[in-house]
Each structure stands twice: as C-alpha cells, then as structure tokens.
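A.B. asks:
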Ligand code: GLY
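Residue numbers (our numbering): 401 to 744.
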C-alpha cells in the first residue's frame with residue numbers, strides 16, 4: 401500500500417500519529433515550467449540574482465554562487481559570511497560547498513577564517529585542484545594563493561552578541577555583562593543559531609547545481625565543522641535526478657547524510673516534497689540522545705530541506721514548521737511556506 405493511502409486508511413481507522421502535524425505531510429511542493437531557483441528563506445535576494453543570471457544564459461552554478469555571495473557579504477545576516485556569529489573565542493569560521501550537476505564535481509572549504517566568500521573558494525577547490533575539501537589554515541593559504549584578501553569578519557554587532565553570550569554564561573566567573581547591552585532583541589534566538597543559506601538552481605539547459613554556505617553554529621568549539629561543507633550532508637546534486645540543500649542543526653545531517661538520502665529518495669520515485677519529509681522523519685527517528693530531546697521526547701532542534709528534481713518540481717520540509725523558503729519560478733520571486741513534521 402502506498403504510504404499516503406496507508407496514512408489515509410489509518411486515520412480513517414482511528415489510528416493516530418501523535419507527532420504528525422495536524423494536516424499530515426501531504427505535499428505542498430510545486431512545479432516550475434522552466435528555470436528555477438530555490439533557497440532558504442534568507443535567500444530572496446539570492447534567488448532574484450541567480451534567476452537573472454540564468455535567464456541571461458549563465459550556468460546554474462555561476463548563478464547560485466553569485467546569489468549567495470550577496471548574503472555572505474551582508475553584515476546583518478548573522479548566520480553566513482561577513483557578520484556571522486563567531487566561535488567561542490570570538491573568531492568567525494566559515495564553511496561552504498558547491499556541487500555542479502553536469503560534471504558531478506564538487507568543492508568545499510571548512511573552518512575558513514578571514515575570507516568573506518567561502519563559496520567562491522569552494523568553487524576554486526573544485527576547479528583548480530584535484531581535491532574536494534580544504535580546511536582551516538590550508539584553506540586560507542589556498543584562498544590567499546588565489547588572490548583573496550584577508551579581512552576581519554567579526555562585525556561590531558556580532559562581537560557584542562558574542563561578548564554578551566560570554567559574559568552571561570556563568571554568574572560565578574570574572575566576566576560581567578553590561579547593564580543595558582546594545583544587542584538585538586532576538587539575542588536568545590541567535591544564541592544557538594544554525595542559520596546558513598543553501599541555494600539550488602536549474603538553468604536554461606536543464607542542468608542543476610547548488611551551493612551551501614554558513615558561519616555554522618554560533619559560539620561553537622573552534623574547529624567545529626557542520627554539514628554545510630560536506631557533500632551529501634548539507635548539499636547534494638545528481639544532474640539526472642535532482643538536488644537537495646539543507647539548513648539547521650548540521651550534526652543531524654552529518655549523521656544521516658540527509659541531502660544524499662533526499663536525492664536517493666527522489667531517484668526512487670518520491671517527489672521533492674515527499675523526499676524532504678521522509679528525510680525529516682529519518683532524522684526524527686534517529687534523534688535518541690537525551691541532550692537532543694525536549695521534555696516531550698521530541699527533537700529540541702530544527703533542520704530544513706529544500707529540493708528540486710529534473711522535472712522542475714520542488715519541495716521543502718522541516719522538523720518543525722511552518723517553515724519558509726525562497727523560490728523564483730522564472731516568473732515570480734517570493735517566500736513560500738514549507739511543511740513541518742512535528743508540532744512544538
Ligand atoms: N547547518 C549549518 C551548521 O550546522 O553548521
């Protein structure tokens with residue numbers, strides 16, 4: 401019996417699915433008739449830029465990288481590039497990967513300091529080396545060799561958020577917080593942020609490419625690397641099938657190789673929407689460590705997926721919804737709502 405009909409019959413028979421959002425996980429995905437760009441919700445300017453380039457005949461990889469570069473350079477996005485929240489020592493460390501559908505080639509950088517466009521460096525790893533992933537000082541030396549200029553990525557605003565985090569960690573230590581700290585009101589949300597931007601595009605030739613770029617977990621242990629630079633975890637592209645990108649708690653994507661799984665589900669006939677939701681279910685099923693669970697026994701983190709297939713169908717799902725994503729379908733560029741699997 402097909403999964404959807406099974407759920408329908410089970411619901412009719414009074415079997416309940418306690419963790420399932422009230423309206424189930426029926427697809428909310430859609431279909432574009434031509435080129436398409438999809439991104440996490442912080443990427444509306446990225447999807448606009450990328451679609452403009454695709455319409456001018458550019459390869460999807462050129463387009464999505466140029467799109468996310470806007471967010472990498474935006475000091476107000478504290479989850480990506482310049483202005484990203486730093487590690488526990490106050491140093492910004494960036495992760496990124498790119499994957500090019502037509503060549504099935506990929507490149508990544510991790511724990512890269514002082515370079516604000518890690519996605520550009522990841523692309524050079526793909527195109528100008530025989531390697532796939534460069535990390536830390538090696539990645540920085542490689543970027544410098546290619547003419548990238550080092551700069552301070554910690555903005556004053558991000559520094560104040562980090563300092564407030566540090567000063568309020570422990571009441572008994574030697575750091576005292578300011579009485580009226582000049583930090584954003586959503587400080588608590590930023591406290592354990594894993595923002596990130598992932599952007600996937602289909603160009604005029606029907607080729608698919610993607611990029612994911614992030615400053616990673618705020619206040620992480622120096623050297624911590626999440627899913628964003630790992631092919632199969634934070635991004636995966638198979639030009640004959642489709643692509644998936646992800647944002648949210650990277651450790652879960654590393655342990656489930658989530659984006660590879662999503663593309664494999666699409667290879668086996670799932671729509672992008674169904675594949676994203678199935679991957680979310682796998683993550684929830686595997687979340688067993690007590691520190692990852694809330695008082696209801698549900699995950700205390702969120703992970704979001706964005707997927708497209710070769711037919712131009714797209715979808716998005718998250719552990720907790722409603723979630724949002726940015727989509728340019730060739731006609732309109734706007735924010736859509738995606739489904740969550742669990743209710744908070
Ligand atoms: N998904 C971003 C990170 O966990 O680093």
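Beta carbons are placed, not taken as given, at the ideal position from N, Cα and C, and that holds for glycine.
Quick caveat, the model's predicted, so the values are computed rather than measured.
So, using beta-carbon positions, are residue 597 and residue 508 closer together than 9 Å?
C.D. replies: No.
A.B. asks: Kindly indicate the opening and closing residues of the alpha helix (DSSP H) around residue 733.
C.D. replies: Residue 733 -> not in any alpha helix (DSSP H); beta strand (DSSP E) instead, spanning 733 to 742.
A.B. asks: Given 8 Å as the limit, is there contact between the segment 640 to 660 and the segment 698 to 716, that is, 3 or more CB pairs closer than that?
C.D. replies: Judged by Cβ distances under 8 Å, the segment 640 to 660 makes contact with the segment 698 to 716, as three or more pairs qualify.
A.B. asks: In chain order, which beta strand (DSSP E) runs of at least 3 residues are fully inside the segment 513 to 588?
C.D. replies: Correct list: 533 to 535.
A.B. asks: Grab me the residues of residue 441's own chain with a C-beta within less than 7 Å of its C-beta, minus the 5 sequence neighbours each way, in chain order.
C.D. replies: 724, 725, 726 and 735.
A.B. asks: In angstroms with no decimal places, state the Cα-to-Cα distance between residue 435 and residue 580.
C.D. replies: Distance between the alpha carbons of residue 435 and residue 580: 49 Å.
A.B. asks: Got a sec, what are the start and stop residues for the beta strand (DSSP E) residue 635 sits in?
C.D. replies: It spans 635 to 638 - the beta strand (DSSP E) in which residue 635 sits, taken as one unbroken run.
A.B. asks: Are residue 627 and residue 604 close, meaning C-beta to C-beta below 9 Å?
C.D. replies: Cβ atoms of residue 627 and residue 604: not closer than 9 Å.
A.B. asks: Inspect the CB distances between the segment 530 to 548 and the segment 655 to 671 and report whether three or more fall short of 8 Å.
C.D. replies: The segment 530 to 548 is not in contact with the segment 655 to 671.
A.B. asks: How is the beta strand (DSSP E) around residue 709 delimited, first residue to last?
C.D. replies: Here the beta strand (DSSP E) through residue 709 covers 703 to 709.
A.B. asks: Between residue 646 and the ligand GLY, is the CB less than 8 Å from at least one heavy atom?
C.D. replies: It does: the Cβ of residue 646 is within 8 Å (strictly closer) of some heavy atom of the ligand GLY.
A.B. asks: Here's a check: name, in chain order, each residue in its chain whose Cβ is nearer than 6 Å to the Cβ of residue 619, leaving out the five neighbours to either side.
C.D. replies: Result list for residue 619: 488 and 565, in chain order.
A.B. asks: Tell whether a beta-carbon distance below 9 Å holds between residue 486 and residue 493.
C.D. replies: Their beta carbons are under 9 Å apart, which means residue 486 touches residue 493 by this criterion.
A.B. asks: Do the segment 512 to 531 and the segment 543 to 563 meet, that is, are 3 or more Cβ pairs less than 8 Å apart?
C.D. replies: Contact holds: three or more Cβ-Cβ distances are below 8 Å.
A.B. asks: Assuming residue 697 and residue 719 make a contact with CB atoms under 8 Å, what is their CB distance in whole Å?
C.D. replies: Wrong, their Cβ atoms sit about 13 Å apart, outside the cutoff.
A.B. asks: Look at the Cβ atom of residue 610, then the Cβ atom of residue 601, and state whether they are nearer than 9 Å.
C.D. replies: Yes, they are a contact pair.
A.B. asks: Flag this pair as yes or no: are the beta carbons of residue 478 and residue 557 separated by less than 9 Å?
C.D. replies: Contact flag set, yes.
A.B. asks: Between the Cα of residue 583 and the Cα atoms of 572, 563 and 468, which residue gives the shortest distance?
C.D. replies: The shortest Cα separation from residue 583 among 572, 563 and 468 belongs to 563.
A.B. asks: Given a threshold of 16 other Cβ atoms within 10 Å of its Cβ, counted over all protein chains shown, does residue 732 qualify as buried or as exposed?
C.D. replies: Label assigned to residue 732: exposed.
A.B. asks: So does residue 614 have its beta carbon nearer than 8 Å to some heavy atom of the ligand GLY?
C.D. replies: Indeed, a heavy atom of the ligand GLY lies less than 8 Å from the Cβ.
A.B. asks: Just curious, the alpha helix (DSSP H) that residue 685 is in, first and last residue?
C.D. replies: Residue 685 -> alpha helix (DSSP H) spans 672 to 686.
A.B. asks: Roughly how many whole angstroms lie between the Cα atoms of residue 606 and residue 452?
C.D. replies: Cα to Cα, the separation comes out at about 16 Å.
A.B. asks: Does DSSP put residue 412 in a helix, a strand or coil?
C.D. replies: Any reading at residue 412 must be qualified, since the residue scores a pLDDT of 41, below 50, and its modelled position is unreliable; no value is offered.
A.B. asks: Using CA atoms only, rank isn't needed, just tell me which of 481, 495 and 532 is closest to residue 505.
C.D. replies: Of the candidates 481, 495 and 532, the one whose C-alpha sits nearest the C-alpha of residue 505 is 532.
A.B. asks: Strictly by DSSP, which residues pair up with residue 495?
C.D. replies: Answer is 614.
A.B. asks: Over the uninterrupted beta strand (DSSP E) stretch that includes residue 643, give me the two end residues.
C.D. replies: 642 to 648 is the extent of the beta strand (DSSP E) around residue 643.
A.B. asks: Which runs of the alpha helix (DSSP H) spanning at least 4 residues fall entirely within the segment 450 to 502, listed in chain order?
C.D. replies: Taking only runs of at least 4 residues, the alpha helix (DSSP H) segments lying wholly in the segment 450 to 502 are 460 to 472.
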